[in-house]
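**Student:** Sharing a structure, written as structure tokens. Questions coming.
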Amino acid sequence: MGRHLSTKFLSVLALAVTIGATAIASPASAASLKMAWKQDATGLDPHKQTAFSSIRLLELIYEPLVRLNKDLQIVPAVAASWEFAPDAKQLTFKLNPNAKFQDGKPVTAADVKASFERLLDEKTAAAARANFLSIASIETPDQTTVVFKLSQPDVPLLTAMASINAAIVPAAEIAAGTIGTKALGSGPFKLDKWEPNSKETLSANKDWAGGKVAIDGIDISVLPDETAILAALRTKQVDFALINDPLVATLVPKEPSLVLNRTPVLAYHVLQMNPSRKPMDVLAVRQAISCAIDRKDVLDTASVGEGKVTGPLTMPGYTSDASTLFCYKQDIAKAKKLMADAGFANGFTATVIAANGEPATAAAEAQVLQSQLAEIGVKLNIKMMELNVYVDAWLKGDFDMAVALNGGRADPYSMYNRYWTKTGNLQKVTNYIDDTLDSLMQKGRVETDPAKRKVIFADFEKHLAEVSPWVWLYTSYSYTAQQKNVQGFVPTPEGSLFGLSKVTLQ
Amino acid sequence: MSYLARRLLTFPLVMLGVSILVFVAIRLVPGDAITAMLGTEAGLLTPAQRAALSAYFGIDKPILVQYWSWLLGVLQGDLGISVIHGKPALTIILERFPLTLQLALMSMCVALLVGLPAGVFAATRNEKISDLAVRIFAMIGQSTPNFVVGLLIIYALSAGFGILPTMGEFTPFLTDPLRNLGQMILPAITLGFAFAASVTRISRSAMLDVLSDDYVRTARSKGVPKRSVIWRHALPNALIPVVTLSGVEFGYLLGGAVLVEQIYALPGLGRLVLEAILQRDYALVQGCVLFIAFNFMVVNLLVDLAYVTLDPRIRLGESN
Chain A
82 MGRHLSTKFL SVLALAVTIG ATAIASPASA ASLKMAWKQD ATGLDPHKQT
132 AFSSIRLLEL IYEPLVRLNK DLQIVPAVAA SWEFAPDAKQ LTFKLNPNAK
182 FQDGKPVTAA DVKASFERLL DEKTAAAARA NFLSIASIET PDQTTVVFKL
232 SQPDVPLLTA MASINAAIVP AAEIAAGTIG TKALGSGPFK LDKWEPNSKE
282 TLSANKDWAG GKVAIDGIDI SVLPDETAIL AALRTKQVDF ALINDPLVAT
332 LVPKEPSLVL NRTPVLAYHV LQMNPSRKPM DVLAVRQAIS CAIDRKDVLD
382 TASVGEGKVT GPLTMPGYTS DASTLFCYKQ DIAKAKKLMA DAGFANGFTA
432 TVIAANGEPA TAAAEAQVLQ SQLAEIGVKL NIKMMELNVY VDAWLKGDFD
482 MAVALNGGRA DPYSMYNRYW TKTGNLQKVT NYIDDTLDSL MQKGRVETDP
532 AKRKVIFADF EKHLAEVSPW VWLYTSYSYT AQQKNVQGFV PTPEGSLFGL
582 SKVTLQ
Chain B
836 MSYLARRLLT FPLVMLGVSI LVFVAIRLVP GDAITAMLGT EAGLLTPAQR
886 AALSAYFGID KPILVQYWSW LLGVLQGDLG ISVIHGKPAL TIILERFPLT
936 LQLALMSMCV ALLVGLPAGV FAATRNEKIS DLAVRIFAMI GQSTPNFVVG
986 LLIIYALSAG FGILPTMGEF TPFLTDPLRN LGQMILPAIT LGFAFAASVT
1036 RISRSAMLDV LSDDYVRTAR SKGVPKRSVI WRHALPNALI PVVTLSGVEF
1086 GYLLGGAVLV EQIYALPGLG RLVLEAILQR DYALVQGCVL FIAFNFMVVN
1136 LLVDLAYVTL DPRIRLGESN
């Protein structure tokens, strides 16, 4: 009986495995793009959502007035054209007369006005409001013209508007209080179904003013493990996927049927010091730490060389040759001398915080920094935290040092005013006030001549690297992987998926 | 009062304790729903904006007031609204539960179908090579983390054979049985692997005990066939520890298998709880934990009742 039973059992098991192995996913729709990502959107309100994963979904559904292209140039979206008054205190937009919401109603100046008023209303609790505080009033002389009157010259305002956090939503939906529960934008795709942390179904918006969308829609699956995403790509279960982990990304080109898109991004990896805590309040100590770090080694070891050593300015048009910045070549002798001059010849002990898996390289970066700083006697204790716990400590400035991946912006002022101006919202995080940095930021804000702005921000970058409240390490890449039959996707330095509107399936 | 009634009466007390524990614990962890939604951008909020968001997430009131109003809701069958899903927590939990239940049942089947015969087989060949082989298998099974098994299966199937079960969404068994089984069998094997190893070990040692009992020796001396001695006389008496183990393990599995659900992208209860914690979706965390605790208590009760069936000498609730 024993043998009989085990034979039967083995047959059942074999059958079960066969069923498991042969049940391959059938495509939901032949012309729909099957996409996968690790992290799902956390909400549908474009004004409120700031998570990378939410922005990636919402920019397929909603549109701002203008958007940034792959070269970070401002190009039309809902607005067809725009103009700054010579004193940079007035910004006028002409809307695209063909722009329509997905319910067929035209996008009007009244919708733009209502959207910005919602954004500026504190009750909305939009974090992006901080970028639009110079808007004093909004006028709508006709259906397709919007005039923003500003309380002070604000050149970076236009770039700040090129964000899904400044999306134009229907005035009627604002009045009905349905923003966030119903997704109704003017973008290339309509959201048909959303099951949080599981899947999304999008269909092409036939009325999109931006042109014809070549695919029928996008079926997004949330696959929380990136090795599983790679497996799904390998077995053609997925056409297109977002990859965060550089280690997984480097495996993609080894698969003959797959293509890896690798784009430098604006976000930067950084070691933040807290200059309000001893001994990081001493300039020489901070500079010693900056000199002791081999940025290229951090990049190579923690991120398998996937990136580029960077200074504070990561946006094309403003980046400088990083090797000309203060101590961008590791100099242990200089670092030791600086430590000795500051009275810390024997080093000191500090704790560095890092978030688990955010970014994927965080723990590795902390370990490399720990071993590098040990060379000048700094004993670094690593404290890994769950992301939310880390964010809480980070926002309170409750750390000696922090390994961080901070988001970048296309404009240096928008990127850094929160940290390095005297009125910056994140002063509590930087704990560092510097007159030179503040005055250069203010100059950059009002200067309209691009060449002069470049000089101002080059000075800003040089000074920031020299006073070293933070040690900028490297910028990495954003990765998407796709089957060879997916064509026409253009990635951007912001990691936008808007390029999916031009994708074709061969 | 009957044993069953007394056990059922403890349910509300345990649930109350669990509810207080989870309510306080999730709020003690640094970070809140606002930082979960906005990340570091939360630092850009003005006090008025923060207040508006706190009111939206229902975290603006003192914790006792929050707990009281939530408890009142629970007593009326309302576990609260999930802010991420925009739906009642109970609705989401009940949507995810069939997957978790099926996964738990299937992995238990895998475990019992593999573990029980293997354990019995090893016990009857005590200290022989085949016994050693089974014990090594059990040791490997118990000491290999299930995410390693899962990742190896996925890698081997996708890289070696170019196939993979459907990931990302769940097809209920009644909708499409073949697709459903295709999706669930590998996670069930992954999860059942370690479970089977435990069953093997425990059934082997229980069988060894029973096989040395007098009544087994008597049966053998009376000429009862070996097969009958093992399967009819010895095995039923060796089952009690197996039932205990399976019950506890099954109770855990009903709470969701986080790692396996993550790897195979199955939208089950385990992932739901994990995501709810990471996103500080308080109502959902509380609802899930309460639901899981309830299931665990029910399973424990059923295990106790099963003892009586297996061994008529056991009288539940009596002091002797």
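From first to last, the protein sequence lines stand for chains A and B.
Here the first sequence is numbered in our numbering, starting from 82 and rising by one per residue.
Here the second sequence is numbered in our numbering, starting from 836 and rising by one per residue.
Where a beta carbon is used, it is the ideal one built from N, C-alpha and C, also for glycine.
What three-state label does DSSP hand Val1083 (chain B) in the structure shown?
**Tutor:** Helix, per DSSP.
**Student:** Do three or more CB pairs link the region 186–195 of chain A to the region 214–231 of chain A at distances below 8 Å?
**Tutor:** Judged by Cβ distances under 8 Å, the region 186–195 of chain A makes contact with the region 214–231 of chain A, as three or more pairs qualify.
**Student:** Are at least three pairs of beta-carbons, each pair with one atom in the region 961–981 of chain B and one in the region 1017–1037 of chain B, less than 8 Å apart?
**Tutor:** The region 961–981 of chain B vs the region 1017–1037 of chain B: in contact.
**Student:** Name the one or two DSSP bridge partners that Gly298 (chain A) has.
**Tutor:** Note: Gly298 (chain A) sits in a beta bridge opposite A:Ser113 and A:Ser284.
**Student:** Can you find a CB in chain B that lies within less than 9 Å of the CB of Ala207 (chain A)?
**Tutor:** Output row for Ala207 (chain A): interface = yes.
**Student:** What are the boundary residues of the beta strand (DSSP E) that includes Tyr558 (chain A)?
**Tutor:** Note, Tyr558 (chain A): beta strand (DSSP E), Trp551 to Gln564.
**Student:** Please look up how many angstroms separate the CB atoms of Ser231 (chain A) and Ile155 (chain A), rounded, as I've assumed it's under 8 Å.
**Tutor:** The amino acid occupying residue 231 (chain A) in the given sequence is Leu; Ser does not appear at that position. Not confirmed; about 17 Å, so no contact.
**Student:** With three or more C-beta pairs closer than 8 Å as the rule, is the region 426–443 of chain A touching the region 470–481 of chain A?
**Tutor:** Enough Cβ pairs lie closer than 8 Å, so yes.
**Student:** Can you list, in chain order, the stretches of the beta strand (DSSP E) that have 3 or more residues and sit fully within the region 167–211 of chain A?
**Tutor:** As far as the region 167–211 of chain A is concerned, its whole beta strand (DSSP E) runs of at least 3 residues are 171–176.
**Student:** Counting only Cβ-Cβ distances shorter than 7 Å, please list the residues of the region 314–346 of chain A near chain B, keeping chain order.
**Tutor:** For the region 314–346 of chain A, which is checked against every Cβ of chain B, the residues closer than 7 Å are Arg315, Thr316 and Gln318.
**Student:** Spatial neighbours of Gly458 (chain A) within its chain, please: CB distance less than 6 Å, with the 5 preceding and 5 following residues excluded, ordered by chain position.
**Tutor:** Cβ neighbours of Gly458 (chain A) beyond the five flanking positions: Asn427 and Gly428.
**Student:** At a CB-CB cut-off below 8 Å, which residues of chain B make contact with Ser302 (chain A)?
**Tutor:** Neighbours of Ser302 (chain A) on chain B, chain order: Met1002, Gly1003, Glu1004 and Ala1100.
**Student:** Considering only residues of the same chain and omitting the five flanking positions on each side of Ile216 (chain A), which have a CB-CB separation below 7 Å?
**Tutor:** Only Phe197, Leu201, Phe229 and Leu231 meet the Cβ criterion.
**Student:** Can you give me the Cβ contacts of Leu341 (chain A) inside the same chain, cut-off strictly under 7 Å, excluding the 5 residues immediately before and after it?
**Tutor:** Around Leu341 (chain A): Ala330, Val333, Pro334, Tyr560 and Ala562.
**Student:** Is the separation between the beta-carbon of Tyr471 (chain A) and that of Glu439 (chain A) shorter than 9 Å?
**Tutor:** Closer than 9 Å, so yes.
**Student:** Using a Cβ-Cβ cut-off of less than 8 Å, list which residues of the region 531–551 of chain A approach chain B; keep chain order.
**Tutor:** The residues in question: there are none.
**Student:** Check each candidate in A:Ala290, A:Ala257 and A:Leu214 and name the one with the smallest Cα separation from Leu146 (chain A).
**Tutor:** The option with the nearest alpha carbon to Leu146 (chain A) is A:Ala290.
**Student:** Please identify, using Cβ separations under 7 Å, the residues of the region 846–872 of chain B that lie next to chain A, in order along the chain.
**Tutor:** Within the region 846–872 of chain B, the residues whose Cβ lies closer than 7 Å to some Cβ of chain A are Val864, Pro865, Gly866, Thr870, Ala871 and Met872, listed in chain order.
**Student:** Relative to the C-alpha of Gln564 (chain A), which candidate in A:Gly292, A:Gln368, A:Gln318 and A:Asp288 has its C-alpha closest?
**Tutor:** Cα-wise, what sits closest to Gln564 (chain A) is A:Gln318.
**Student:** Within 9 Å of any Cβ in chain A, is that where the Cβ of Gln1121 (chain B) sits?
**Tutor:** For Gln1121 (chain B), the answer is no, since every Cβ of chain A falls outside 9 Å of its Cβ.
**Student:** According to DSSP, is His1068 (chain B) helix, strand or coil?
**Tutor:** Of the three classes helix, strand and coil, the one that applies to His1068 (chain B) here is helix, per DSSP.
**Student:** Could you name the residues of the region 1135–1147 of chain B whose beta carbon sits closer than 7 Å to any beta carbon of chain A, in the order they occur along the chain?
**Tutor:** Cβ contacts with chain A: none found.
**Student:** For Leu176 (chain A), which option in A:Ala190, A:Ala169 and A:Lys170 has the closest C-alpha, if you only look at C-alpha atoms?
**Tutor:** The shortest Cα separation from Leu176 (chain A) among A:Ala190, A:Ala169 and A:Lys170 belongs to A:Ala190.
**Student:** Any idea if Trp903 (chain B) is buried or exposed, counting beta-carbon neighbours within 10 angstroms, 16 or more meaning buried?
**Tutor:** Per the 10 Å Cβ criterion, exposed.
**Student:** Alpha carbon to alpha carbon, how far is Ala109 (chain A) from Asp300 (chain A)?
**Tutor:** Model confidence at Ala109 (chain A) stands at a pLDDT of 40, short of 50, so the residue's coordinates are unreliable; what they give is reported in the following sentence. Taking the straight line from one Cα to the other gives about 8 Å.
**Student:** Kindly list, in the order they appear in chain B, the residues whose Cβ is closer than 7 Å to that of Ala123 (chain A).
**Tutor:** According to the sequence as given, residue 123 (chain A) is Thr; it is not Ala. Within chain B, the residues near Thr123 (chain A) are Met872, Ile919 and Gln1114.
**Student:** Given this structure, state the Cα-to-Cα distance separating Asp422 (chain A) from Lys204 (chain A), to the nearest angstrom.
**Tutor:** Cα to Cα, Asp422 (chain A) sits roughly 52 Å from Lys204 (chain A).
**Student:** Taking Val894 (chain B) as the query, report the chain A residues whose CB atoms sit under 9 Å from its CB, ordered along the chain.
**Tutor:** It is worth fixing the name first, because residue 894 (chain B) is Ile in this sequence and not Val. Near Ile894 (chain B) there are no residues of chain A at all, since even the closest Cβ is about 13 Å away, more than 9 Å.
**Student:** Could you tell me whether the Cβ of Glu164 (chain A) comes closer than 9 Å to any Cβ of chain B?
**Tutor:** False, the Cβ-Cβ gap to chain B never drops below 9 Å.
**Student:** Please determine, among B:Tyr1099, B:Phe1129 and B:Ala1100, the residue with the shortest C-alpha to C-alpha distance to Gly1086 (chain B).
**Tutor:** Out of B:Tyr1099, B:Phe1129 and B:Ala1100, B:Phe1129 has the C-alpha closest to the C-alpha of Gly1086 (chain B).
**Student:** Provide the residue(s) that pair with Asn462 (chain A) in DSSP beta bridges, ordered along the chain.
**Tutor:** In DSSP, Asn462 (chain A) forms a bridge with A:Thr432.
**Student:** Please state whether the Cβ-Cβ distance between Ile919 (chain B) and Ala1100 (chain B) is less than 9 Å.
**Tutor:** Cβ atoms of Ile919 (chain B) and Ala1100 (chain B): not closer than 9 Å.
**Student:** Grouping DSSP H, G and I as helix and E and B as strand, with all else coil, what is Leu311 (chain A)?
**Tutor:** Leu311 (chain A) falls in the helix class under three-state DSSP.
**Student:** Could you tell me the boundaries of the alpha helix (DSSP H) in which Asn1135 (chain B) lies?
**Tutor:** Tyr1117 to Leu1145 is the extent of the alpha helix (DSSP H) around Asn1135 (chain B).
**Student:** Keeping to the same chain, check which residues put their C-beta closer than 6 Å to that of Phe579 (chain A); ignore five residues upstream and five downstream.
**Tutor:** So the list reads Glu140, once near-sequence residues are dropped.
**Student:** Provide the residue(s) that pair with Pro345 (chain A) in DSSP beta bridges, ordered along the chain.
**Tutor:** Pro345 (chain A) is bridged to A:Tyr558.
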